[in-house]
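Below is one structure, written out as structure tokens; the observations come after it.
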Amino acid sequence: KDPDKLVKNLRKWADEGDEHAKECLSNCIKEKDPVNAFKLKRELAEGGNTDAQKYLVKELLPKDPAGALKFTVMLANGGDPQARKDSIEALMQGSMPGVDKNPAEAMTLLRTWGESGDIQAQIDYAESYLVVEHSAHSVRQKVPSTLKEAQLVAGWIQALVEKEPGNMGYLRLLCGLSTWFPSAFEKERLALSYQRGANKGDSNCMWLLGVLYAQNGDLKTALVFISSARAAGSKHAEAFLKCTSFVYTAQPNRVVSFESICDKVASEDKNDHIMVGNFYRYCRLMMNATEVTRWYRKAARNGSMEG
1355 KDPDKLVKNL
1365 RKWADEGDEH
1375 AKECLSNCIK
1385 EKDPVNAFKL
1395 KRELAEGGNT
1405 DAQKYLVKEL
1415 LPKDPAGALK
1425 FTVMLANGGD
1435 PQARKDSIEA
1445 LMQGSMPGVD
1455 KNPAEAMTLL
1465 RTWGESGDIQ
1475 AQIDYAESYL
1485 VVEHSAHSVR
1495 QKVPSTLKEA
1505 QLVAGWIQAL
1515 VEKEPGNMGY
1525 LRLLCGLSTW
1535 FPSAFEKERL
1545 ALSYQRGANK
1555 GDSNCMWLLG
1565 VLYAQNGDLK
1575 TALVFISSAR
1585 AAGSKHAEAF
1595 LKCTSFVYTA
1605 QPNRVVSFES
1615 ICDKVASEDK
1625 NDHIMVGNFY
1635 RYCRLMMNAT
1645 EVTRWYRKAA
1655 RNGSMEG
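In the numbering used here, the protein residues as written are 1355 to 1661.
Given below as structure tokens:
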């Protein structure tokens, strides 16, 4: 009945720091004094008021996308799942018009949320390392900056696999990460996860379980799993077995005349440099990085994108 008196009281309470009064005052003066109404909303938003943050994202998006992203990230840090999705898409993919991509910032946010227990953030953070970027001249694999960081990601995904052993999506992510960053994982826990996947008929798990046996020097057991993987359709296993077919001698637990084996395979099929490189990666107790690089470089020079 007395709007002027209401506004006067609201101003007084707002000046005293009453957030509810600020919100009511902003709504009351929106038509007559839009500048100060907006200023109040911004104060509320920066103080952590989620309704004000959502309002500002909507208002700022057309004219100030950077400001809209700022408040989207605030909402995301407060735990809003849609804001988290929108923030990462904006920073990773440039989905917010007027905002430049910033993958490094996206990764920082995902790591922060992952460390606070957000499972989706942990998965997104881990998957970002398996994204291969293709361009006309290069293929670049994203890698963790430190072993400690790789171990953090490995721990998250290993825990998810153990918590939900039937989730094949988690298992596939584990397989991908452990292929690229094997030293980040605990071998015993990894072997158990591979074994569960192999028992469910997953060819990738069969292949990787075989690789673990090969790395431990037990080529005979390795070949049992790798043969099963090939039968289940694994191309990695097929290539590996082509190499090992030259290895079997009267002493099946030893790799004999390794260099001559690789030369023989490569001379028989010029496209098999990748396979030989993989054999160096997987079949030696101590991986020979120089030789791995040499064979992958040969493949790359032959036009192999994978190389």
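A virtual CB, placed ideally from N, CA and C, is assigned to each residue, including glycine.
Quantities reported herein were computed from a predicted structural model and do not represent experimental measurements.
Between the segment 1577 to 1589 and the segment 1513 to 1532, are three or more C-beta pairs nearer than 8 Å? no
Cα-Cα separation between A1460 and V1361, rounded to whole angstroms: 42 Å
Could you check if N1331 is buried or exposed, using at least 16 other CB atoms within 10 Å of its CB as the buried criterion? In this structure the chain extends from 1355 to 1661, so residue 1331 is not present and cannot be described.
Could you tell me how far apart the beta carbons of L1563 and Y1548 are, in whole angstroms, since I believe they sit closer than 8 Å? 4 Å
Given this structure, state the Cα-to-Cα distance separating K1455 from T1462, to the nearest angstrom. 14 Å
What does the Cβ neighbour count give for H1590, buried or exposed, with the cut at 16 atoms within 10 Å? buried
By the 10 Å Cβ neighbour count, where 16 or more other Cβ atoms means buried, how is T1644 classified, buried or exposed? exposed
Among residues of its own chain, excluding the 5 on either side of A1545, which ones have a beta-carbon nearer than 7 Å to its beta-carbon? L1563, L1566
Output the distance between the C-alpha atoms of M1560 and S1582, rounded to the nearest integer angstrom. 7 Å
Is it buried or exposed, Q1476, if we count other Cβ atoms within 10 angstroms and call 16 or more buried? buried
Own chain residues within Cβ distance below 6 Å of A1551, not counting five before or after: Note that residue 1551 is Gly in the sequence shown here, rather than Ala. The answer, listed in chain order, is L1525, C1559.
Excluding the 5 residues preceding and the 5 following A1437 in the sequence, name in chain order all residues of the same chain whose CB lies nearer than 6 Å to its CB. T1426, L1429, A1430
Where V1411 falls, given that 16 or more other Cβ within 10 Å makes a residue buried: buried
Would you mind working out which of D1372, T1404, L1506 sits nearest E1469, comparing C-alpha positions? L1506
Would you report the Cα separation of G1530 and K1424, rounded to the nearest angstrom? 33 Å
For R1584, which residues from the same chain have a beta carbon less than 7 Å from its beta carbon, with the 5 sequence-adjacent residues on both sides left out? A1591, E1592, L1595
Do G1432 and G1471 count as a contact pair if the criterion is CB distance below 9 Å? no
Which residue from E1443, Q1474, E1542, A1420 puts its Cα closest to that of G1452? A1420
Nearest-angstrom Cα separation, counted from S1482 out to E1540: 21 Å
Below 8 Å on the Cβ atoms is my guess for Q1512 versus R1543; work out the distance and round it to an integer in Å. 6 Å
So within the segment 1498 to 1533, which uninterrupted alpha helix (DSSP H) runs reach at least 4 residues, ignoring any that extend past its ends? 1501 to 1517
Is it right to say V1389 is buried, meaning 16 or more other beta carbons lie within 10 angstroms of its own, or is it exposed? exposed
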